Amino acid sequence: MNKNKIISIGFVSLAALLGVSLTFFGNSIFVIGIFSLVLYVYHSFLIAPKNRKFMNIKQALQHSDISNEELSEMTTIDPEKINSLRVNNEFSEQEIESLAVALEVKEDRSAQRNGKRALMIVVVIIAIVCLVYFLFGDNTP
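For the sequence shown, position 59 (counting from the first letter as 1) is numbered 301 according to the numbering used here, and the numbering increases by one without interruption.
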């Protein structure tokens with residue numbers, strides 16, 4: 243089964259459980275569940291792609307035949323700093339971009355493509371939680 247389908251099924255199940263828990267335990271569980279869902283989406287689509295890009299650059303640097311001096315000439319980054327990439331991760335965005343261009347590392351756009359899907363999942367989960375709450379919960383005025 244596809245990884246995204248498994249994640250989607252898990253989120254729908256989580257939404258149903260949040261709706262049931264909202265019915266029995268009140269609003270605090272609902273807020274905690276939505277907060278954890280938002281944190282997951284934030285990490286998956288904003289933080290993880292940057293880490294993946296950095297790891298791709300490190301791999302390309304390890305498997306590249308280009309010397310540190312040649313890369314330094316192409317990117318204006320100190321050769322010692324390029325050499326320390328395996329140990330030290332203190333690089334600015336601009337330095338990482340210039341290394342990506344020099345090493346011909348393609349940008350991973352899967353997070354951008356899946357961003358719309360993630361937003362739809364969040365909306366569907368909130369809708370399912372509200373649906374379960376209003377169908378089975380106490381919805382008296």
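A virtual CB, placed ideally from N, CA and C, is assigned to each residue, including glycine.
Source: prediction; values computed, not measured.
Same chain only: Cβ atoms within 8 Å of residue i, ignoring 5 sequence neighbours per side
| i | result |
| --- | --- |
| V364 | L279, V280 and V283 |
Extent of the continuous alpha helix (DSSP H) run through residue i
| i | result |
| --- | --- |
| K348 | That residue, K348, is in no alpha helix (DSSP H); it is neither H nor E in DSSP. |
| L313 | N310 to T317 |
Classification of residue i by the beta-carbon crowding that lies within 10 angstroms, buried from 16 upward
| i | result |
| --- | --- |
| A369 | exposed |
| L341 | buried |
| L313 | buried |
| T318 | exposed |
Contacting residues, own chain, Cβ-Cβ under 6 Å from residue i (five flanking each side not counted)
| i | result |
| --- | --- |
| N310 | P321, I324 and N325 |
The segment 337–349 touching the segment 295–314, judged by at least three CB pairs closer than 8 Å:
yes
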